[in-house]
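In full-length UniProt numbering, the protein residues as written are 1 to 276.
Heads up, the beta-carbon is just placed ideally off N, CA and C, and yes, glycines get one too.
All values reported here derive from a predicted model rather than from experimental measurement.
Worksheet: one structure, shown below.
Laid out in structure tokens, this is it:
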């Protein structure tokens with residue numbers, strides 16, 4: 001199944017929804033319109049039960065070169081609060097939430113309530129780095145370069161990077177990255193924890209897809225709820241999590257896959273999950 005978008009492509013294969021950022025001539029730099037399409041698609045995928053895992057990648061030579069500098073500089077058709085002419089009209093909604101769909105894409109990467117796997121190559125910088133950090137697991141090939149590049153062009157981190165980055169690489173490393181804007185090679189990124197799986201050049205998509213297929217074949221209600229619990233655990237107390245886990249356990253136990261999984265265990269056979 002293929003859905004049509006202007007700045008990204010989407011298809012499903014073996015219960016994996018494959019999202020490809022598709023501005024290769026701009027190294028998939030994020031325009032307002034691309035961010036809108038991404039956020040909108042992720043919102044819809046939450047309700048598409050045939051999609052049990054999501055793979056996020058980029059077309060051409062890079063995953064994502066960050067925000068489109070044409071827009072950030074204030075010179076594009078859509079005004080940028082702060083850098084555009086202060087007398088230039090700005091839509092009311094954008095003036096109140098300047099990050100608009102750029103921030104909402106981060107929100108939807110979590111709210112989609114399904115595992116999201118990143119396949120990285122080339123540049124994964126700025127907002128592209130942020131979106132990669134939001135994903136559940138990151139597969140990258142040896143061409144990958146990562147940078148919290150924001151301060152290099154005089155802007156501050158966005159798209160949730162300041163929340164995710166210190167949780168992934170630790171506070172001192174996160175501070176170094178955002179303060180220096182330094183670019184790191186793939187091997188360095190693996191050592192720092194920015195990359196989970198480093199694979200040979202040109203194989204990131206295949207490796208990420210194999211992993212996503214494996215996840216998609218599991219009991220998806222249990223997997224999705226487990227993912228939700230881990231994210232809740234980042235902002236909750238132990239007492240709260242014990243309550244959440246108790247409630248989630250009852251919800252998951254009512255699924256048909258829970259019955260199949262426990263019955264298969266008793267019968268010493270491989271379970272056949274249906275995602276329900």
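- Taking every protein chain shown into account, the CB of residue 37 has 16 or more other CB atoms within 10 angstroms, so this residue is buried.
- Inclusion of residue 123 and residue 64 in the CB contact set at 8 Å is warranted, their separation being smaller than that value.
- Where residue 214 is concerned, the enclosing alpha helix (DSSP H) starts and stops at 204-216.
- DSSP, read as helix, strand or coil, puts residue 135 in coil.
- Residue 104 places its beta carbon less than 8 Å from that of residue 39.
- The three-state secondary structure of residue 145, taken from DSSP, is strand.
- Here DSSP, grouped into helix, strand and coil, assigns residue 164 to helix.
- Cβ neighbours of residue 181 within its own chain (closer than 8 Å, five residues either side excluded): 147, 148, 149, 150, 151 and 152.
- Ranking 50, 168, 191 and 162 by CA distance to the CA of residue 178 puts 162 first.
- Inclusion of residue 127 and residue 186 in the CB contact set at 8 Å is not warranted, their separation being larger than that value.
- Assignment of residue 123 by DSSP, reduced to helix, strand and coil, places it in the strand class.
- Comparing alpha carbon positions, the residue from 43, 66, 41 and 54 closest to residue 27 is 66.
- The beta-bridge partner set that DSSP reports for residue 199 consists of 141.
- Spatial neighbours of residue 169 in its own chain (CB-CB distance under 6 Å, excluding positions within 5 residues in sequence) are listed in chain order as 192 and 193.
- No Cβ-Cβ contact shorter than 8 Å links residue 165 with residue 156.
- The beta carbon of residue 200 is closer than 7 Å to those of 141 and 142 in its chain, skipping five residues each way along the sequence.
- Comparing C-alpha distances from residue 4 to each of 15, 16 and 20 shows the shortest one belongs to 20.
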